[in-house]
Amino acid sequence: MDSKVRVRFAPSPTGPLHIGGARSALFNWLLARKYGGKMILRMEDTDLERSSTESEQNIIESLEWLGLNWDEGINKGGDYGPYRQTERLKTYIEAAGELMSRGQAYYCYCTEEELEAERQACMARGELPRYLGRCRNLSEEERNRLEAEGRKRVVRFRVPENEKVVVEDEVRGNVVFETSGIGDYVIIKSDGIPTYNFAVVLDDALMKITHVIRGEEHLSNTPRQLLLYDALNLDPPSFAHVSLILGKDRSKMSKRHGSTSIEAYRAKGYLPEALVNFLVLLGWSPAGEEEIFSMEELINQFSLDRVAKNPAVFDADKLNWINGCYIRKSPVERIIDLAVPFLRESGLITGEVTPDIYDWLKMVVASVQEYLSCVADITDYVAMYFDDHVQMENDEAGAVLEDPDVAPVINTFRRKIAEAEELTPENTKAILKALTKELKLGGKKVYMPLRVALTGRTHGPELFYIIPILGRDRILVRLAQTMGEG
Ligand code: GLU
0 MDSKVRVRFA
10 PSPTGPLHIG
20 GARSALFNWL
30 LARKYGGKMI
40 LRMEDTDLER
50 SSTESEQNII
60 ESLEWLGLNW
70 DEGINKGGDY
80 GPYRQTERLK
90 TYIEAAGELM
100 SRGQAYYCYC
110 TEEELEAERQ
120 ACMARGELPR
130 YLGRCRNLSE
140 EERNRLEAEG
150 RKRVVRFRVP
160 ENEKVVVEDE
170 VRGNVVFETS
180 GIGDYVIIKS
190 DGIPTYNFAV
200 VLDDALMKIT
210 HVIRGEEHLS
220 NTPRQLLLYD
230 ALNLDPPSFA
240 HVSLILGKDR
250 SKMSKRHGST
260 SIEAYRAKGY
270 LPEALVNFLV
280 LLGWSPAGEE
290 EIFSMEELIN
300 QFSLDRVAKN
310 PAVFDADKLN
320 WINGCYIRKS
330 PVERIIDLAV
340 PFLRESGLIT
350 GEVTPDIYDW
360 LKMVVASVQE
370 YLSCVADITD
380 YVAMYFDDHV
390 QMENDEAGAV
400 LEDPDVAPVI
410 NTFRRKIAEA
420 EELTPENTKA
430 ILKALTKELK
440 LGGKKVYMPL
450 RVALTGRTHG
460 PELFYIIPIL
470 GRDRILVRLA
480 QTMGEG
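One point on numbering: in numbering that gives the first Met the number 0, the residue at position 387 of the sequence shown is 386, and numbering is uninterrupted.
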């Protein structure tokens with residue numbers, strides 16, 4: 000493979016970009032970047048009723064957010080445009096005309112009712128429902144009569160009889176289909192719009208696509224497409240069909256298993272690199288044990304021969320774990336930017352984020368960054384910094400403060416912070432150390448009562464964060480309250 004690699008992502012803009020589509024886009028993108036090839040974005044908008052500019056926009060924004068850029072196509076242009084199928088209708092009509100002139104396609108006038116009756120009859124005989132060729136050999140006279148009746152017509156492709164079509168799939172090996180199971184299929188609908196199987200062939204061929212990587216659901220379309228390549232004397236690309244994505248219960252991934260759109264993950268505060276890292280593992284397996292990869296590493300390591308045939312299982316816990324890894328690696332400033340909207344939404348922040356508040360937020364976010372698996376969760380972790388009405392979270396916490404050793408700890412701590420010039424995480428560490436030394440108590444005997452007296456909880460961020468975040472005045476307020484001095 001070399002720089003002639005030309006791959007495409009060809010979504011139908013009938014909804015937001017989903018996990019499965021994003022994975023196809025990613026695999027194509029990685030192949031293009033690995034071999035210095037070109038990535039093309041094409042919109043397959045022939046379903047006029049369901050396609051929308053909002054969906055197109057959502058797909059574009061989601062791809063951009065994931066960092067999956069393209070070299071040609073929508074919003075970019077290129078030598079093989081237009082890149083929206085509804086803008087290429089002439090190409091399809093001409094090609095259909097060519098097939099018709101060679102007898103490889105024909106007009107079909109069957110009505111919906113006739114087709115439905117045929118489907119039922121096939122099923123009643125236990126056969127695959129398919130078009131049985133009623134209009135295959137119409138005489139001119141019959142055609143004229145049907146035209147005169149004002150019937151709508153479609154163009155059907157004449158499927159060669161009793162042939163085998165072999166899909167040489169890069170993931171699945173050779174998959175053989177019999178044409179006897181494929182009825183003559185529609186290539187141009189009655190409104191002059193091509194069907195997916197027809198438009199995709201012409202576009203992939205005319206756009207000089209070398210590799211088509213897409214979801215397994217399109218494997219059964221591939222023999223139909225190969226027959227058209229043959230009829231149109233076009234060279235087919237290589238195909239790689241990536242397995243379905245299943246939920247943990249092994250049924251097809253759906254909303255029941257978690258959000259399916261990329262925008263939903265973005266909105267919850269997932270990081271794009273984390274999602275990319277998660278998506279690549281849905282079907283591709285790395286050679287070694289490592290599971291966290293930078294884009295550079297993925298570009299180097301990705302290959303189609305490590306894409307699995309068996310279904311990928313969507314594991315939300317794994318996504319959370321991966322996202323947590325990327326959150327921990329991120330500069331605190333980035334997490335603040337992502338966290339502020341959630342803090343506002345939950346009412347923890349109301350006014351403007353001034354430079355002072357920003358500095359305070361740095362400590363707040365740094366104190367919980369290592370625990371987050373998703374930025375949206377931050378409000379639960381940090382709510383305790385905002386409300387000075389400390390509640391004991393449970394009896395265990397309440398019991399900690401009943402120990403007679405607690406009062407000297409709290410009092411000495413009060414004195415020490417009163418003496419401190421400034422409370423930063425660094426000098427708080429020193430204060431805490433001095434405190435244990437002075438009281439000749441083990442760390443736990445000092446830290447646990449302080450933690451509970453300041454937060455009402457037995458677990459949480461490091462005390463050397465909590466103390467400077469609260470600051471002297473609020474610490475005194477809280478201690479008075481939890482020590483029953485109020
Ligand atoms: N428009 C098709 C889809 O979104 C594309 C399939 C293909 O990649 O050929 O499923």
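Ideal Cβ placement from N, Cα and C applies to all residues, glycine included.
Given residue i as reference, the closest of the options once Cα atoms are compared
{"i": "S284", "options": "V381, R41, S242, R249", "result": "S242"}
{"i": "L303", "options": "E169, R7, N68", "result": "E169"}
{"i": "H388", "options": "M482, V211, T259", "result": "M482"}
{"i": "N299", "options": "G20, L30, F8, A21", "result": "L30"}
{"i": "R101", "options": "R157, P407, I58", "result": "R157"}
{"i": "H458", "options": "D404, L422, L438, A396", "result": "A396"}
{"i": "L347", "options": "W359, D386, S219, L245", "result": "D386"}
{"i": "E160", "options": "E148, L145, A147, E177", "result": "E177"}
{"i": "L40", "options": "D78, R49, K33, E48", "result": "D78"}
{"i": "E421", "options": "D472, R129, L440", "result": "D472"}
{"i": "Y105", "options": "R155, Q119, R118, Y264", "result": "R155"}
{"i": "G182", "options": "L98, P403, N220", "result": "N220"}
{"i": "D493", "options": "L98, L449, R49", "result": "Not covered by the structure: residue 493. The range shown for the chain is 0 to 485."}
{"i": "F292", "options": "K267, G257, I465, K328", "result": "K328"}
{"i": "G323", "options": "E369, V279, T349, V331", "result": "E369"}
{"i": "K207", "options": "I187, Y228, E216", "result": "Y228"}
{"i": "H256", "options": "P236, F301, F313", "result": "F313"}
{"i": "P10", "options": "I474, R49, G268", "result": "R49"}
{"i": "L478", "options": "Q103, A147, R414, K436", "result": "R414"}
{"i": "R343", "options": "L360, D355, P330, V331", "result": "L360"}
Beta-carbon gap between residue i and residue j smaller than 7 Å
{"i": "R5", "j": "T209", "result": "yes"}
{"i": "P460", "j": "T427", "result": "no"}
{"i": "Y15", "j": "M42", "result": "Looking at the sequence provided, one finds Pro at residue 15 rather than Tyr. Contact: no."}
{"i": "V153", "j": "S189", "result": "yes"}
{"i": "A315", "j": "G282", "result": "no"}
{"i": "I416", "j": "A452", "result": "no"}
{"i": "Y184", "j": "R150", "result": "no"}
{"i": "V367", "j": "A338", "result": "no"}
{"i": "M362", "j": "V399", "result": "no"}
{"i": "L462", "j": "V445", "result": "no"}
{"i": "N319", "j": "S260", "result": "no"}
{"i": "Q84", "j": "T45", "result": "yes"}
{"i": "E262", "j": "S61", "result": "yes"}
{"i": "W69", "j": "M38", "result": "yes"}
{"i": "G19", "j": "I244", "result": "yes"}
{"i": "G66", "j": "Y82", "result": "no"}
{"i": "C121", "j": "P128", "result": "yes"}
{"i": "I335", "j": "A273", "result": "no"}
{"i": "K3", "j": "R171", "result": "no"}
{"i": "F301", "j": "K33", "result": "yes"}
{"i": "E392", "j": "G455", "result": "yes"}
{"i": "V279", "j": "L225", "result": "no"}
{"i": "A95", "j": "I186", "result": "yes"}
{"i": "T378", "j": "F341", "result": "yes"}
Residues that residue i bridges to, as DSSP identifies them
{"i": "D203", "result": "D203 is not bridged to any residue."}
{"i": "R155", "result": "Y105, V185"}
{"i": "R213", "result": "H240"}
{"i": "A311", "result": "I244"}
{"i": "W359", "result": "Partner(s): none; W359 has no beta bridge."}
{"i": "P193", "result": "I187"}
{"i": "W283", "result": "V306"}
{"i": "F26", "result": "None; F26 has no bridge partner."}
{"i": "H256", "result": "In DSSP, H256 forms no bridge with anything."}
{"i": "G76", "result": "G72"}
{"i": "H17", "result": "S260"}
{"i": "N173", "result": "E167"}
Buried or exposed by the 16-neighbour rule on C-beta atoms within 10 Å, applied to residue i
{"i": "D202", "result": "buried"}
{"i": "V166", "result": "buried"}
{"i": "G191", "result": "exposed"}
{"i": "L469", "result": "buried"}
{"i": "Y357", "result": "exposed"}
{"i": "I143", "result": "The question names Ile, but residue 143 in the sequence shown is Asn. Classification for N143: exposed."}
{"i": "R7", "result": "buried"}
{"i": "L205", "result": "exposed"}
{"i": "V211", "result": "buried"}
{"i": "N57", "result": "buried"}
{"i": "L98", "result": "buried"}
{"i": "A266", "result": "exposed"}
{"i": "D376", "result": "buried"}
{"i": "A486", "result": "Absent from the model: residue 486. The displayed extent of the chain is 0 to 485, so no value can be given."}
{"i": "L431", "result": "buried"}
Cutoff 7 Å: residue i Cβ touching any chain B Cβ
{"i": "K317", "result": "The structure shown contains no chain B; it is built from a single protein chain."}
Around ligand 1, what residues have a beta-carbon under 7 Å from a heavy atom of it, in chain order? A9, P10, S11, G20, S23, E43, Y195, V199, V211, R213, G214, H217
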